[in-house]
Structures are given as structure tokens and as C-alpha cells.
Amino acid sequence: MAFREGDLVIFLDHQERSFRQRLHPEGKLQTHQGYIPHSEVIGREPGVALLTSKGKELFAFRPTLVDYTMNMPRKSGIIYPKDTAYILLWADIHPGSRVVTAGVGSGALLLALVRQVGPTGFVWGYDVRQDMLDFAAKNLKEFLGDTSNTELRLGDVYQAIDQRQVDSVILDVPEPWGAVEQSALALRPGGILVAYAPTIKQAENLTAALRGSDCFGLVETVEILVRDWHIRHRSVRPNHRMVGHTGFLTIARRIIRPEGNPLEPVKTPEKKPADRTGFPETD
Ligand SMILES: C[S@@+](CC[C@H](N)C(=O)[O-])C[C@H]1O[C@@H](n2cnc3c(N)ncnc32)[C@H](O)[C@@H]1O
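Residues 42 to 324 (the working numbering) are what the sequence shown spells out, left to right.
As C-alpha cells, then:
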């Protein structure tokens, strides 16, 4: 469908520099390599190539979710698309899913969750800071417009998650192990918890808490590495630069053990004896 007044547009140049704007009949994109009046974009199809006043070629697209989140205003670190993509599949989030997430932060992950669950699903987003919730709400509204499948709640998930029987809980908080008990209460049997943690120490603490709980099983931690390649003529090699590190993803399933109280307090796991390498024996 052709661009109309009020549409979000992203202009990309050949170096993949991007400029996000909302179209207005009198508006114009101004770059250091010339300008493009919005009137040249309105009525054209997405993907159209345009020349700036200085003859530089740019393409106009509707922003994808990746375009949008990588360019949206931020007030916190965000979960990058490479990790979000993994979270969506490994937490099995689909149209109709009921999802709790914390912390909302700038809303990058929230946007992906809200779009994925669609109008038949629901996302509850917790944060301890109202300014973060307000900020994320703006980003959400700007990109998705309709946010009726979302509720943003001021609250500490270490203390309370009010929802029950949700399909997944996705955490991006500094001490995710503090939310294990509340996540167990919120999740339906077989539901999935995914936690993003920038440091391996956080992932390790969370893993210990999950393994020490009678409510979670099948705990695993992964790190997603993406390497871009440079392919030009005879020069075919990995790019010199890459995103070296974002975070670790720990995934666990809500289990029910017939003999145990499913909501027992989290126990500290026993230490295993060290083997000859000095490392504790692995399972
Ligand atoms: C790194 S930011 C989250 C970024 C977000 N996931 C994104 O992709 O844009 C971490 C957020 O967790 C919030 N937070 C910290 N402790 C929390 C808690 N106990 N419960 C809820 N939110 C918490 C912080 O206020 C902050 O906004």
C-alpha cells in the first residue's frame, strides 16, 4: 500500500544509515547529504528509491520491528533483536499467548511480545519505575497504535506477580532469581520462563535458584552470537566488527512433581564435589 500522510517511514542509505520520520505534507527529511520533501514520498510505494537535493540515493520503507526498535528513543539498555527472536521461539509465544514480562524498560522486548501475541493474546508488563512505563507506552503506541492487548503495571516482580495461568514469563531484571517464586505462581503447568541477563554470574545465580526449586525443570542457558559477512567482489570474509556481547538467555519449564509442594520456597542447591580439574562435577 502506498505511503499516506501520518505514516511512519524509515529512510535507509547504502551504508544502512537510517532516518525515521512521520510523513507530513509540509515535512522534509534533512540529512548532511541534502533533503527530501515528504511530498515526494506520499503516494509512493514502500521501497521507492529517492534522490536528496544533493543527488544521494535513499530508500523509503515502512519500518520493520527491527528498524523501529534499533532507532527508537531509549531510556535503558534494550534487548537486541537477535536475542528477542530467540526468546519469541523458545518461549513459544504465539498469537493468543498470555505473557508476563519485567522490566519493561524502554519497551524493546515489550513491543515484540505485544505484536506477537496479537489481538487474541495479552501482555502484562511490570516495572518498578513509572517513568519507564510511560516511556515504553509511548514507544508502543508510536509503532503499534492499538495497545488494547497490553497492561503496564507499576510493581516489583520480586514481591508479586498478580496474574495466574500465564503461558510465559520473560524477565529482564537485575536479580531474576528473586522472581523465581512469583514466576512459578504465575505460570501454568508446562509454561516457560525465559530470563535475559547481561552477565554469566546472573545466569548462574538464576540457574541455581531454578534448579533448587521444585517448580522448574529443563533449565538451560544460551548465548546468541551473530556474525555479519562482508561480500564484495573477491573480498569475502566476516566483517571486522560485530556485536561482541549482549547477554545470556536462561530458559526453564514450569513442572509439577506429584510428591512436592509446587510452591515450596526456593532451596539452595547442594554443592557437588570438585573433580580432579578443580571444577565441580557436571550432571
Ligand atoms: C534493562 S531495563 C529493561 C529493558 C527492556 N527489556 C527493553 O528491551 O527495552 C531493566 C528494567 O527493569 C526494571 N526493574 C528492575 N528491578 C525490577 C523489579 N524488581 N521488578 C520490575 N522491574 C524491575 C528497571 O526499572 C528497568 O526499567
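Quick reminder that beta carbons are idealized off the backbone N, C-alpha and C, glycines included.
If you keep only unbroken alpha helix (DSSP H) runs of at least 4 residues inside the region 161-237, you get 171-185 and 221-227. Counting only residues whose CB is nearer than 5 Å to a non-hydrogen atom of ligand 1, the list in chain order is 117, 118, 119, 120, 143, 144, 146, 147, 149, 150, 167, 168, 169, 170, 173, 197, 198, 199, 213 and 214.
Between the beta-carbon of residue 217 and that of residue 247 there is about 5 Å, and that keeps the pair under the 8 Å contact cut. DSSP places residue 43 in the coil class of the three-state scheme, outside both helix and strand. Distance from the CA of residue 141 to the CA of residue 91, rounded to the nearest whole angstrom, comes to 42 Å.
Annotation: the continuous alpha helix (DSSP H) that includes residue 150 extends over 149-158.
For the region 109-142, there is no continuous beta strand (DSSP E) assignment of 3+ residues that stays within its boundaries.
Assignment of beta-bridge partners to residue 69 by DSSP yields 78.
In this structure, 138 is the residue among 138, 174 and 42 with its C-alpha nearest to the C-alpha of residue 163.
According to the DSSP secondary-structure assignment, residue 277 is paired through a beta bridge with 272. The C-beta of residue 295 has 16 or more other C-beta atoms within 10 Å across all chains shown, which makes the residue buried. Distances from the alpha-carbon of residue 132 to those of 57, 273, 151 and 210 put 210 closest. Inter-segment contact for the region 115-127 and the region 143-154 is present: three or more beta-carbon pairs are separated by less than 8 Å.
Short of 6 Å from the beta carbon of residue 197, and not among the five residues preceding or following it, lie these beta carbons of its own chain, in chain order: 169. Within the same chain, Cβ atoms closer than 8 Å to the Cβ of residue 129 are found at 153, 154 and 157, the five residues on either side in sequence being excluded. Residue 98 has 92 as its beta-bridge partners, per DSSP. Contact between the region 98-116 and the region 174-181 is present: 3 or more CB-CB pairs across the two stretches fall below 8 Å. Of the other Cβ atoms in all chains shown, 16 or more fall within 10 Å of the Cβ of residue 104; this residue is therefore buried. Following the DSSP letters along the chain, one finds residue 295 in no alpha helix (DSSP H) but inside the beta strand (DSSP E) bounded by residues 289-295. Annotated three-state conformation of residue 86 is coil, per DSSP.
Within the DSSP bridge table, the entry for residue 49 names 63 as partners.
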